[in-house]
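Worksheet for the structure shown next.
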């Protein structure tokens with residue numbers, strides 16, 4: 007709470023910025039200081055300037071049309087001569103001593119011009135009716151509070167904790183009272199202002215070399231040009247003036263297109279003024295550069311490492327830190343930050359950077375986010391992957407209904423303390439970790455809880471699953487009803503009827519499998535079934551296809567391949583399959599599927615068969631393309647083949663493969679290329695070989 011108080015008090019103190027004005031050397035006469043008063047009785051002064059100076063009031067004034075007012079000091083007289091009426095006062099939130107910029111939105115309807123000033127120049131009017139500002143918000147019920155402020159120092163998951171309000175669920179916003187600086191929980195659908203924070207040295211736009219950003223959210227840059235430019239910069243605010251004076255230093259350049267009695271407007275070491283001097287440059291406004299930033303997470307299961315590759319990292323909002331935020335649900339919190347470390351960056355050709363993520367002990371979902379440069383909060387997101395540091399056992403998803411909770415109190419506890427005491431007792435006979443993944447509290451005080459159970463000892467999943475399920479359903483419980491209990495990784499073996507009984511094997515989520523029994527449909531395709539669901543909610547079998555037909559039988563080649571799936575896969579077996587495909591490429595979709603299963607088994611058990619795998623894959627590419635296409639469309643088979651072959655070659659000793667194929671030329675140990683008639687594989691360590699891909703022509 008103290009941290010929040012200090013943070014907002016700093017914001018309230020930073021209302022004014024010094025605006026320095028210089029003197030025009032070729033004009034004479036001083037204008038007297040005058041003052042305007044706003045409708046809210048706030049005072050703005052027109053500070054005395056020498057002749058030729060173009061002046062904003064301090065603080066800046068808006069007229070009744072919400073346009074910024076400027077005056078010119080000419081021959082000792084202000085133009086326009088009457089003291090302007092200030093409808094509103096604009097205050098700049100970039101104090102020199104801290105270099106923080108604050109933006110507070112209003113709760114009223116704002117016209118487009120005013121939005122430009124507020125978002126584009128960090129200039130904001132604070133109406134007196136603004137009382138509450140949202141600082142933190144939960145992204146999911148009962149999750150941690152996360153700051154809304156866009157700043158590297160405040161982007162961590164908040165350490166501020168609040169009691170879990172069981173009487174008024176849904177108060178997922180933390181609101182600060184501007185007057186008292188007290189923070190309280192409120193519903194997010196009410197009208198509150200929001201706070202945006204960034205630092206003056208943050209990279210807020212991607213500008214051409216030598217240019218500077220025109221301000222947060224403008225998507226514009228200011229550039230110094232020696233020749234005429236298409237869009238001469240027009241100074242629209244004190245913020246513009248400050249940026250340009252810093253950019254120019256001791257130089258002076260033309261701005262705008264307005265003229266006064268033969269004078270042109272300029273800005274530089276003497277401030278913003280009209281001048282007769284011949285200047286060598288003009289300030290031009292150009293659009294900021296736009297790049298397509300992508301973030302890809304990849305979990306290397308064999309090495310238990312999780313990496314993030316960011317293509318075009320220059321498109322991410324940043325300062326001296328990499329402002330990329332990665333999260334996981336693998337801890338006891340519903341959502342927690344993951345520490346990342348940059349391990350490589352290459353700015354040539356297509357710039358990219360590689361980061362390493364720290365893994366938690368248990369299995370969980372990981373994802374990353376970053377703010378796109380040149381926007382007012384647009385987010386670029388990575389894919390989500392399931393990863394783990396060490397897989398000691400199996401992962402299960404348990405959904406329960408809790409029909410009795412504390413309905414008249416708040417709970418000063420962590421979210422894990424919502425788990426009823428009955429549940430841990432059920433699993434006390436095994437070493438395991440229970441985690442809350444989702445919470446849904448009903449108005450009557452009842453609650454749905456989605457839990458994950460990570461067992462701590464490797465056991466055969468089918469036996470373990472049914473042992474745990476039997477204990478869960480063994481007796482009626484007073485407070486808890488089990489809604490579902492599923493594996494978070496696999497669809498368990500099952501059976502269905504399609505004119506005959508079909509037995510479906512253990513299958514990973516998103517994989518498609520065939521039944522143990524041969525079953526072709528009337529279109530010649532094999533009957534298949536996909537394991538659906540998700541890691542969070544658990545796995546569920548999808549529907550199986552129509553009835554089997556007896557009029558179409560599998561080819562002898564497919565029958566042979568099916569028969570060897572459970573055998574030990576040796577050189578001889580792979581050579582036999584290759585010979586069969588060479589002699590008769592009419593193996594059907596079923597045959598393609600079984601070849602993929604053989605390759606998958608090799609990738610899991612024996613990477614020393616790389617030479618035979620290369621021959622087999624080359625033969626598979628000779629199979630009728632109609633079969634390959636149908637196998638991919640209905641069972642995702644070609645993706646499985648590519649994944650298996652990649653795994654085999656990554657793990658294989660390529661020096662042994664080189665010896666087997668009798669390549670006599672000198673081979674770069676950092677690169678390996680193996681080519682056959684229908685198959686080519688390329689293996690390298692990009693960070694060492696400085697080669698990230700190959701181009702094929704054909």
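In my numbering, the protein residues as written are 7 to 704.
Beta carbons: idealized from backbone N, C-alpha and C, even for Gly.
From the options, residue whose alpha carbon lies closest to that of residue i
{"i": "residue 189", "options": "241, 179 and 196", "result": "179"}
{"i": "residue 234", "options": "254, 491, 215 and 285", "result": "285"}
{"i": "residue 403", "options": "531, 494 and 372", "result": "494"}
{"i": "residue 541", "options": "35, 315 and 443", "result": "443"}
{"i": "residue 243", "options": "232, 278 and 192", "result": "278"}
{"i": "residue 266", "options": "78, 71, 433 and 641", "result": "78"}
{"i": "residue 195", "options": "181, 380 and 186", "result": "181"}
{"i": "residue 420", "options": "143, 339 and 69", "result": "339"}
{"i": "residue 445", "options": "388, 151 and 147", "result": "147"}
{"i": "residue 71", "options": "324, 57, 609 and 94", "result": "94"}
{"i": "residue 197", "options": "139, 143, 58 and 236", "result": "139"}
{"i": "residue 484", "options": "491, 452, 262 and 96", "result": "452"}
{"i": "residue 640", "options": "520, 584 and 539", "result": "520"}
{"i": "residue 361", "options": "287, 332, 337 and 341", "result": "332"}
{"i": "residue 450", "options": "47, 192, 232 and 175", "result": "175"}
{"i": "residue 288", "options": "395, 215, 311 and 262", "result": "262"}
{"i": "residue 232", "options": "216, 47, 596 and 240", "result": "216"}
{"i": "residue 567", "options": "531, 524, 539 and 530", "result": "524"}
Pairwise C-alpha distance: residue j and residue i
{"i": "residue 369", "j": "residue 526", "result": "38 Å"}
{"i": "residue 211", "j": "residue 218", "result": "8 Å"}
{"i": "residue 546", "j": "residue 497", "result": "6 Å"}
{"i": "residue 43", "j": "residue 54", "result": "17 Å"}
{"i": "residue 377", "j": "residue 447", "result": "32 Å"}
{"i": "residue 424", "j": "residue 313", "result": "33 Å"}
{"i": "residue 149", "j": "residue 543", "result": "17 Å"}
{"i": "residue 656", "j": "residue 534", "result": "30 Å"}
{"i": "residue 4", "j": "residue 689", "result": "The chain is shown only over 7 to 704; residue 4 falls outside these bounds and no answer can be derived."}
{"i": "residue 317", "j": "residue 355", "result": "11 Å"}
{"i": "residue 557", "j": "residue 654", "result": "38 Å"}
{"i": "residue 229", "j": "residue 259", "result": "11 Å"}
{"i": "residue 386", "j": "residue 300", "result": "7 Å"}
{"i": "residue 390", "j": "residue 375", "result": "11 Å"}
{"i": "residue 472", "j": "residue 492", "result": "10 Å"}
{"i": "residue 269", "j": "residue 85", "result": "15 Å"}
{"i": "residue 302", "j": "residue 40", "result": "58 Å"}
{"i": "residue 177", "j": "residue 330", "result": "28 Å"}
{"i": "residue 324", "j": "residue 608", "result": "45 Å"}
{"i": "residue 69", "j": "residue 454", "result": "55 Å"}
{"i": "residue 612", "j": "residue 532", "result": "28 Å"}
Endpoints, the beta strand (DSSP E) within which residue i is located
{"i": "residue 407", "result": "401-408"}
{"i": "residue 265", "result": "258-266"}
{"i": "residue 370", "result": "370-377"}
{"i": "residue 317", "result": "311-317"}
{"i": "residue 51", "result": "49-52"}
Own chain residues within Cβ distance below 7 Å of residue i, not counting five before or after
{"i": "residue 528", "result": "555"}
{"i": "residue 514", "result": "495, 496 and 537"}
Residues near residue i in its chain [Cβ-Cβ closer than 8 Å; skip 5 each side]
{"i": "residue 462", "result": "398, 399, 436, 437, 438 and 439"}
{"i": "residue 581", "result": "618 and 621"}
{"i": "residue 486", "result": "406, 407, 408, 409, 426, 428 and 429"}
{"i": "residue 126", "result": "Residue placement at residue 126 is flagged as unreliable, the pLDDT there being 33, under the threshold of 50; a coordinate-derived value is accordingly withheld."}
{"i": "residue 685", "result": "620, 623, 624 and 627"}
{"i": "residue 226", "result": "211, 219, 220, 291, 292, 293 and 294"}
Same chain only: Cβ atoms within 6 Å of residue i, ignoring 5 sequence neighbours per side
{"i": "residue 116", "result": "With a pLDDT of 31 at residue 116, under the threshold of 50, the modelled position of that residue is not reliable, and the figure given next carries that caveat. None."}
{"i": "residue 254", "result": "274"}
{"i": "residue 165", "result": "Annotation note: pLDDT 45 at residue 165 (below 50); position unreliable, no value reported."}
{"i": "residue 35", "result": "57, 81 and 82"}
{"i": "residue 586", "result": "563"}
{"i": "residue 295", "result": "212"}
{"i": "residue 401", "result": "369, 460, 494 and 495"}
Boundaries (first-last residue) of the alpha helix (DSSP H) holding residue i
{"i": "residue 640", "result": "631-641"}
{"i": "residue 478", "result": "467-478"}
{"i": "residue 521", "result": "Segment: none, residue 521 is in no alpha helix (DSSP H) and carries neither H nor E."}
{"i": "residue 421", "result": "Neither: residue 421 is in no alpha helix (DSSP H) and is coded neither H nor E."}
{"i": "residue 605", "result": "594-611"}
{"i": "residue 430", "result": "428-432"}
- Task: Report yes or no: do the segment 536-551 and the segment 562-581 share at least 3 C-beta pairs separated by less than 8 Å?
- Result: no
- Counting pairs of Cβ atoms below 8 Å between the segment 466-484 and the segment 504-511, do you hit three or more? no
- Query: Is the segment 637-646 close to the segment 582-602, with three or more CB pairs under 8 Å?
  - Reply: yes
- Mind the definition here: the segment 298-309 touches the segment 75-92 only if three or more C-beta pairs lie below 8 Å; say whether that holds. no
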